[in-house]
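Visitor: Residue numbers (our numbering): 3 to 394.
We treat Cβ as the ideally placed atom computed from N, Cα and C, and that holds for glycine.
It should be emphasised that the depicted structure is a prediction, and the values quoted were computed from it without experimental measurement.
The structure follows.
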Amino acid sequence: MPPFFSFSIDAECLGSWARAGTIQTPHGTIHTPIFMPVGTQATVKSVSPEELHAAGTQIILANTYHLMLRPGSELIADFGGLHSFMQWDGPMLTDSGGFQVFSLGHLRKLSEEGAAFKSHLDGSPHLLTPESVMRIEAELGADIILPLDICAAYPCSVSEARAAMERTHRWAERALLAKEKYRPEQTLFGIVQGAFDPELRRQSASFIGNLPFPGLSIGGLSVGEPKQMMWDMLSYVTPALPRDKPRHLLGVGSPEDLVIGVGLGMDMFDCVLPTRVARHGGLFTSHGRVNIKSARFRAQHGPLEESCDCYTCRSYSAAYVHHLARTEEQLYYRLGSIHNIRFMLRLAGQLREAICAGNYPAFRDDFIARYVPASEKVREEQREKWKAARRT
Ligand SMILES: [Zn+2]
Numbered sequence: 003m004p005p006f007f008s009f010s011i012d013a014e015c016l017g018s019w020a021r022a023g024t025i026q027t028p029h030g031t032i033h034t035p036i037f038m039p040v041g042t043q044a045t046v047k048s049v050s051p052e053e054l055h056a057a058g059t060q061i062i063l064a065n066t067y068h069l070m071l072r073p074g075s076e077l078i079a080d081f082g083g084l085h086s087f088m089q090w091d092g093p094m095l096t097d098s099g100g101f102q103v104f105s106l107g108h109l110r111k112l113s114e115e116g117a118a119f120k121s122h123l124d125g126s127p128h129l130l131t132p133e134s135v136m137r138i139e140a141e142l143g144a145d146i147i148l149p150l151d152i153c154a155a156y157p158c159s160v161s162e163a164r165a166a167m168e169r170t171h172r173w174a175e176r177a178l179l180a181k182e183k184y185r186p187e188q189t190l191f192g193i194v195q196g197a198f199d200p201e202l203r204r205q206s207a208s209f210i211g212n213l214p215f216p217g218l219s220i221g222g223l224s225v226g227e228p229k230q231m232m233w234d235m236l237s238y239v240t241p242a243l244p245r246d247k248p249r250h251l252l253g254v255g256s257p258e259d260l261v262i263g264v265g266l267g268m269d270m271f272d273c274v275l276p277t278r279v280a281r282h283g284g285l286f287t288s289h290g291r292v293n294i295k296s297a298r299f300r301a302q303h304g305p306l307e308e309s310c311d312c313y314t315c316r317s318y319s320a321a322y323v324h325h326l327a328r329t330e331e332q333l334y335y336r337l338g339s340i341h342n343i344r345f346m347l348r349l350a351g352q353l354r355e356a357i358c359a360g361n362y363p364a365f366r367d368d369f370i371a372r373y374v375p376a377s378e379k380v381r382e383e384q385r386e387k388w389k390a391a392r393r394t
């Protein structure tokens, strides 16, 4: 491990692969398992750094693709990097931009050299290579950085998955070499690929896990496949990874994903979902996701959830938050986002406590039994609306 980064395991679960750990970075300590709110444009939408800290945020993620296009990594470097540009003084992770190139940019050409694409903003041409991504992320200055990788489409053939994985491995080695020129205080994680083939997943975990990366991200999952398929892939990946490196599940997920993913050996999670669904009225409670716009909150005097210790629930009635959401007031986006961020971070803390106390499997089973996932909840609300419509 380099001197600017360390990971230690504080407790391990006997009945699963869950563990609790501590990560040290130049901008502070992270206790795992942890959820990382996503600040796509160098801001977690509508929430200030002070509010992020108050909600218990330990580390945030920012997107290289968006920031390299606007305002540009050189400009951010001129302001001393992302930390000082956005006034976030805690740990930060940047992705490589590769995922957005494949999903947002107009990809022109994928070659051994890199990924040529046109900006989704103005059509300007750009080339991301394993080397240029190391330079851009050095300019952005996050504590943890990711190398350029190829996320295979879902579904894809085994030969396509193998080609994407093998190129990802060659790019990983190029990124490690290129990084030596830049900032030693930044820590480069490796990315495991292999799409949805068990053997490729095992190969990638073993190959990337054995390179000198101090941490590992699992990529290429949560790209439209059934949830069970994602969990199956982790069951092949985790046993092939070294025990002593932190494991980050890229782009996941919901509260139930966090609870299940921890048991499959994941330490770090990031996703836009909690803040995105909040902006649309979806708020997490211990019984599942609810829609704050629903009529049942119209006159509720108490907070959304009595047991919630977030700023929103400590300060405002559910009826007021409902009113703000229904009238699409700006304050709603902030209050809703703060509640969901706090929910995810409180859940991560509860998972850590359960692992340390040796009762993670019971915590997981209890949570899953209690928590109604969104799709079912939405269907239930829809049914209630229809029933109500028939009554009138
Ligand atoms: Zn709350």
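(1) Please return the same chain residues whose Cβ sits closer than 7 angstroms to the Cβ of residue 85, not counting the five positions on each side in sequence.
(2) May I have the straight-line CA-CA distance separating residue 119 from residue 55, to the nearest angstrom?
(3) Measuring from each Cβ to the nearest heavy atom of ligand 1, keep the ones under 7 angstroms and list them in chain order.
(4) In whole angstroms, what is the alpha-carbon distance linking residue 174 and residue 188?
(5) Where residue 307 and residue 247 are concerned, what is the direct C-alpha to C-alpha distance, given to the nearest angstrom?
(6) From the DSSP output, which residues share a beta bridge with residue 229?
(7) Using three-state DSSP, classify residue 234 as helix, strand or coil.
(8) Measure the C-alpha to C-alpha separation of residue 141 and residue 76 and round it to an integer number of angstroms.
(9) Let's see if you can read the secondary structure: which residues bound the beta strand (DSSP E) around residue 192?
(10) Going residue by residue through the stretch 67 to 117, where are the continuous alpha helix (DSSP H) segments of at least 4 residues, counting only ones entirely within it?
(11) Between the alpha carbons of residue 376 and residue 270, how many angstroms are there, rounded?
(12) Could you name each continuous beta strand (DSSP E) segment of 3 residues or more that falls completely within the stretch 206 to 292, going from the start of the chain to the end?
(13) What is the rounded straight-line gap between the Cα of residue 349 and the Cα of residue 291?
(14) May I ask you to report which of helix, strand or coil DSSP gives residue 306?
(15) Considering only the alpha carbon of each residue, which of 149, 317, 194, 353 lies closest to residue 235?
Guide: With the given structure in hand:
(1) For this step, residue 85 is matched to residue 83 along the sequence shown. The residues are 29, 91, 94, 143.
(2) Taking the first residue of the sequence shown as position 1, residue 119 is located at position 117. Taking the first residue of the sequence shown as position 1, residue 55 is located at position 53. About 36 angstroms.
(3) 305, 306, 307, 310, 312, 314, 315, 341, 344, 345
(4) In the sequence shown, residue 174 corresponds to position 172, counting from 1. In the sequence shown, residue 188 corresponds to position 186, counting from 1. Roughly 16 angstroms separates the two Cα atoms.
(5) Taking the sequence shown and counting its residues from 1, one reaches residue 307 at position 305. Taking the sequence shown and counting its residues from 1, one reaches residue 247 at position 245. So the two alpha carbons sit approximately 37 angstroms from each other.
(6) By one-based count along the sequence shown, residue 229 stands at place 227. Per DSSP, none; premise fails for residue 229.
(7) Here residue 234 is taken as the residue at index 232 of the sequence shown, counted from 1. Correct three-state label for residue 234: helix.
(8) What you label residue 141 is simply residue 139 of the sequence shown in a count that begins at 1. What you label residue 76 is simply residue 74 of the sequence shown in a count that begins at 1. Their backbone Cα atoms lie some 6 angstroms apart in a straight line.
(9) Translated into positions along the sequence shown, residue 192 becomes position 190. 189 to 194 is the span of the beta strand (DSSP E), which, as asked, contains residue 192.
(10) 75 to 80, 84 to 88, 100 to 105
(11) Taking the sequence shown and counting its residues from 1, one reaches residue 376 at position 374. Taking the sequence shown and counting its residues from 1, one reaches residue 270 at position 268. Roughly 22 angstroms separates the two Cα atoms.
(12) 217 to 220, 249 to 251, 270 to 273, 284 to 287
(13) Here the question's residue 349 lines up with position 347 in the sequence shown. Here the question's residue 291 lines up with position 289 in the sequence shown. Their backbone Cα atoms lie some 14 angstroms apart in a straight line.
(14) Sequence index remark: in the sequence shown, residue 306 carries index 304 (1-based). In this structure, residue 306 counts as coil in the three-state DSSP scheme.
(15) On the sequence shown, residue 235 is found 233 positions in, with the first residue counted as 1. Nearest of 149, 317, 194, 353 to residue 235, Cα basis: 194.
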